[in-house]
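Student:
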Amino acid sequence: MNIRVYYEDTDTGGVVYHSNYLNFCERARSDSFFKLGSTPVLENGHFVARKVEADYFLSAKLGDELKVTTELLVMKAASFKLLQTIYKEEKKIFELSITLAYITFEGKPQKITTDVKELLLSLFSK
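According to UniProt numbering, the sequence shown holds residues 1 to 126 in order.
1. For Asn44, which three-state DSSP category applies?
2. Can you give the Cα-Cα distance for Ile93 and Ser19, rounded to whole angstroms?
3. At the level of alpha carbons, what is the spacing between Ser30 and Thr39?
4. Pairing CB atoms from the region 43-52 with CB atoms from the region 3-13, are three or more of them under 8 Å?
5. Grab the span of the beta strand (DSSP E) containing Ala101 for me, first residue to last.
6. Please list the segments of the alpha helix (DSSP H) lying wholly inside the UniProt domain "Thioesterase" (13-92), counting only runs of 4 or more residues, in order along the chain.
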């Protein structure tokens, strides 16, 4: 997914505020679902962040065009782990390792069904 950096994404110096990289990654994950005519909120549940590890390498600035890639690393019974990388031109500027848990609408962990597993594999496997 390509993302343009807007004024609202930056601090007074025109540098992207640190938490917005997480927002960019969230947009890319959601956009993957939208492209298939779906949403991250599925019939029987949705996903929540369980663990996040972020590495900042270089700054993005106002007007930059960024590319977010997403790769499935691990699939478990009730969660999965993604690696999301943000590039500015060809340079890696940010990397996010995120574990997402599949939960019911009541907030209880649940097993990822075969249908949901197939959906995730189609979205995030290379």
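All residues carry an ideal CB built from backbone N, CA and C; glycine is no exception. Computed from a predicted structure; not experimentally measured.
Tutor: Let me lay it out:
1. Mapped onto the sequence shown, residue 44 falls at position 44. Asn44 falls in the coil class under three-state DSSP.
2. In the sequence shown, residue 93 corresponds to position 93, counting from 1. In the sequence shown, residue 19 corresponds to position 19, counting from 1. Each residue's alpha carbon lies about 14 Å from the other.
3. Residue numbering aside, residue 30 sits at position 30 when the sequence shown is read from its first letter. Residue numbering aside, residue 39 sits at position 39 when the sequence shown is read from its first letter. The straight-line gap from Cα to Cα measures roughly 7 Å.
4. no
5. Taking the sequence shown and counting its residues from 1, one reaches residue 101 at position 101. Where Ala101 is concerned, the enclosing beta strand (DSSP E) stretches over Lys91 to Ile103.
6. 20-35
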